[in-house]
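Notes for the one structure printed next.
Residue numbers (UniProt numbering): 1 to 905.
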């Protein structure tokens with residue numbers, strides 16, 4: 001790790017830091033990105049950052065100039081007044097004499113200075129985009145869209161699909177590229193879709209390098225019923241089959257850079273598999289997804305004549321968002337057929353007759369509505385920054401940082417010799433400034449990507465977790481509906497597969513899928529269920545069956561189930577941008593070393609805390625620990641709102657009576673918490689609730705400045721707490737009745753544990769500041785406990801299996817996982833910018849946790865306090881009756897950490 005900047009400069013000094021530019025990387029960072037002080041931003045593949053000078057120029061432009069787009073006006077005229085040079089008799093067949101035509105005209109001849117200036121700026125912006133990709137305006141056109149995804153959607157909508165067409169794409173493509181095969185596009189028009197792996201083979205013949213490629217096809221996808229029976233081929237080339245091949249210039253997941261020689265290889269159709277397969281005949285067109293690659297190495301369209309290239313400008317220079325481009329070859333534009341039209345895309349239309357006259361200009365035909373002309377005007381300032389540095393220098397700068405970081409990560413090892421980092425695509429010869437990886441513990445087990453993300457955030461490091469291995473979103477109901485779609489596809493399968501027709505849920509379908517897999521027909525069925533983000537599944541070695549099994553276990557996109565069945569469901573990704581520095585890389589490497597590298601063979605580095613226990617009710621096993629008392633009782637009637645502390649309080653079958661019996665929910669059903677909106681869905685659990693009138697709702701909405709509805713839990717008997725859907729949240733209490741709590745009925749915190757935390761906080765601050773510092777002690781109420789005890793050893797509660805407070809019996813469900821909410825001052829209600837106390841807790845209270853069903857690995861949790869369930873039954877298992885049971889401050893606490901007979905029954 002002690003390589004130092006000098007050693008780095010010896011290796012990468014010629015490439016790092018823009019040595020030929022006016023300003024060095026350190027100057028750029030200090031003057032243009034002051035907001036990054038104290039932060040390490042490593043998600044440039046997601047969105048790079050805009051510079052301060054860039055935004056100052058944009059604001060100056062907007063505040064000193066008047067922008068006005070040329071408008072479209074319409075006129076209503078009878079047919080006989082139309083210009084016969086533009087409209088012929090065939091346009092008006094079937095029109096009555098009293099029919100009128102609506103003409104749409106673009107006011108290109110406007111003499112308004114602002115309109116003329118804006119039109120000129122848009123034309124100049126188109127040219128800048130073409131220049132960036134080295135594309136001649138004679139051969140290419142720039143179509144502005146709302147982003148790369150919108151450009152891809154436009155291609156899918158307008159491409160002349162037919163039953164003879166092929167849509168071929170590499171496994172490394174983004175979901176937005178995969179989406180072209182779906183509804184109303186390729187497959188629905190009868191086209192064949194197939195994913196491929198592409199290997200670049202370079203041969204040296206006659207002193208020159210010749211690039212060749214090996215294509216490995218995955219399952220061929222076709223739909224038995226398609227729109228091809230209803231829709232013929234579109235476009236001017238209706239007599240010729242058109243096929244589309246799509247690949248990214250750089251893989252979003254691994255950073256793999258694809259050879260652009262693929263463009264000519266596919267278009268010429270002389271190599272494998274094209275020349276050997278009669279099914280792949282016709283005209284092949286090539287789509288490059290340059291959304292990621294164009295930030296550091298845009299495709300050179302003067303050398304590689306792709307038909308379609310898509311990009312988003314925020315990926316290149318940070319601003320504006322919501323603006324991208326489709327760079328389209330003029331010949332390719334001729335075959336596209338647009339169905340929808342708007343005022344700016346047609347010359348004339350008639351409301352009560354099927355008549356339109358489309359415009360001739362391809363930009364006018366494909367750009368619907370008013371262009372985002374202010375955003376378009378701003379890209380000039382972004383390109384100025386990139387052109388000053390040059391894309392070549394940016395590529396060398398960013399890849400040098402990635403190479404250095406990748407090598408250092410590969411050198412990280414635990415004390416027992418086990419490697420820490422598993423880097424995906426590390427053996428690829430051509431890599432961009434992106435690194436995708438997962439981490440291993442000293443025992444070889446995986447570290448969940450959510451654990452890495454949380455700890456990185458606490459260390460001021462912004463990175464990305466990729467969780468695209470399963471791309472199905474929605475509730476289990478939606479998944480079941482998708483499963484039912486399978487039934488229509490089993491008719492053509494072997495007899496053994498027809499069992500799937502009787503399946504009524506995903507669990508049954510999974511067993512049938514096993515049969516299908518053994519017959520090598522999984523693609524016919526599974527491609528309809530799981531939208532694979534191929535790169536993630538490919539590099540993580542997740543089979544179709546793995547994905548289905550993960551889905552059945554509750555995993556959907558963006559949840560917290562980061563490890564299932566012993567395999568990661570996603571990965572961590574870091575990426576560098578033009579303003580990234582050596583210091584960014586070094587901070588990240590030090591973070592990995594400190595947080596995840598075991599320095600000894602002992603497993604003592606990780607606190608082993610029990611997370612689950614079974615109910616206990618045997619009085620004979622309780623052990624009296626003298627001096628432990630109940631210090632305080634706090635009730636929180638409204639979830640995530642302030643509580644009140646009482647001397648005594650009654651218990652009920654849901655814990656403390658009235659605790660979290662009310663909550664505020666937002667307009668779409670989300671729970672409103674102190675973090676504004678919680679990350680899980682309110683409707684994942686079923687409650688019978690009581691609503692209140694509008695006057696009550698208005699009062700709360702005004703009080704919190706957020707639209708909301710006030711509801712009360714009148715019955716939780718239907719709550720299904722053992723499910724794991726909805727962002728991966730798992731309710732720990734699968735037995736008791738619950739109100740609006742996250743995991744269990746009650747939370748207990750020890751004053752001695754809080755005191756130990758404060759001592760560690762003070763020590764950390766003294767070390768960091770190297771001088772005395774005044775700190776505000778953390779109060780137990782910062783953790784929002786129901787019960788606070790005193791008199792125990794610090795963290796003694798971790799080992800308790802059950803406890804009695806007075807005569808009331810409770811079972812421990814293990815440690816409580818903490819999040820950023822403990823950084824909120826519960827007295828002022830303000831979110832503190834400090835990472836404490838969560839960062840200090842992470843340094844010594846982080847554990848690896850396995851769910852009891854052994855299917856789920858929960859992310860590395862930061863634990864403090866324990867969760868309790870009130871055992872409202874007596875020793876014979878009967879419900880307590882008679883007078884209410886009360887807790888009272890000062891009652892003695894009896895704790896047990898022994899397993900009883902009932903524990904094992």
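Idealized CB from N, CA, C, for every residue including glycine.
Are the beta-carbon atoms of residue i and residue j separated by less than 8 Å?
| i | j | result |
| --- | --- | --- |
| residue 423 | residue 406 | yes |
| residue 570 | residue 645 | no |
| residue 386 | residue 316 | yes |
| residue 456 | residue 308 | no |
| residue 737 | residue 171 | no |
| residue 51 | residue 32 | yes |
| residue 186 | residue 193 | yes |
| residue 656 | residue 711 | no |
| residue 401 | residue 642 | no |
| residue 923 | residue 846 | Given that the chain is displayed from residue 1 to residue 905, the structure contains no residue 923 and the question cannot be resolved. |
| residue 803 | residue 778 | no |
| residue 861 | residue 813 | no |
| residue 253 | residue 169 | no |
| residue 216 | residue 190 | no |
| residue 21 | residue 388 | yes |
| residue 160 | residue 328 | no |
Less than 7 Å between C-beta atoms, sequence neighbours within five positions excluded: which residues of the same chain meet that for residue i?
| i | result |
| --- | --- |
| residue 122 | 371, 373, 376 |
| residue 199 | 213, 214 |
| residue 630 | 787, 789, 805, 887, 889, 890, 891, 893 |
| residue 164 | 241, 282 |
| residue 324 | 145, 146, 147, 148, 150, 151, 310, 311, 312, 313 |
For residue i, which beta-bridge partners are listed by DSSP?
| i | result |
| --- | --- |
| residue 289 | 248, 310 |
| residue 415 | Note: residue 415 sits in no beta bridge, so no partner. |
| residue 217 | 196 |
| residue 652 | 655 |
| residue 168 | 194, 245 |
| residue 809 | 804 |
| residue 893 | 805 |
Please name the residue, chosen from the options, that lies closest to residue i on a Cα-to-Cα basis.
| i | options | result |
| --- | --- | --- |
| residue 53 | 127, 384, 705 | 384 |
| residue 339 | 188, 702, 154 | 154 |
| residue 448 | 562, 427, 420, 382 | 562 |
| residue 756 | 639, 793, 594 | 793 |
| residue 392 | 864, 16, 785, 779 | 16 |
| residue 865 | 300, 785, 148 | 785 |
| residue 156 | 219, 132, 245, 253 | 245 |
| residue 129 | 167, 763, 298 | 298 |
| residue 844 | 753, 324, 421 | 753 |
| residue 454 | 672, 707, 842, 5 | 842 |
| residue 867 | 811, 821, 117, 705 | 811 |
| residue 145 | 366, 169, 27, 863 | 366 |
| residue 410 | 398, 396, 397, 425 | 425 |
| residue 713 | 658, 700, 706 | 658 |
| residue 177 | 292, 596, 836 | 292 |
| residue 403 | 698, 159, 871, 589 | 589 |
| residue 434 | 4, 295, 776 | 295 |
| residue 47 | 67, 37, 320, 65 | 320 |
By Cβ distance, which residues of its chain are closer than 8 Å to residue i, with the 5 residues on each side in sequence left out?
| i | result |
| --- | --- |
| residue 330 | 138, 139, 140, 141, 362 |
| residue 302 | 134, 135, 136 |
For residue i, collect the residues of the same chain with a Cβ closer than 6 Å to its Cβ; drop the 5 residues on either side in sequence, then sort them by chain order.
| i | result |
| --- | --- |
| residue 600 | 415 |
| residue 432 | 250, 255, 257 |
| residue 430 | 257 |
| residue 459 | 591 |
| residue 11 | none |
| residue 906 | Residue coverage of the chain in this structure runs from 1 to 905, which leaves residue 906 outside it and unanswerable. |
| residue 639 | 660, 663, 740 |
| residue 322 | 146 |
| residue 436 | 253, 254, 424, 571, 573 |
| residue 181 | 167, 187, 193 |
Specify whether the stretch 694-711 and the stretch 744-758 touch according to this definition: at least 3 beta carbon pairs, one from each stretch, less than 8 Å apart. no
At least 3 beta-carbon pairs within less than 8 Å: the stretch 257-271 vs the stretch 286-293: yes
At least 3 beta-carbon pairs within less than 8 Å: the stretch 36-46 vs the stretch 575-594: yes
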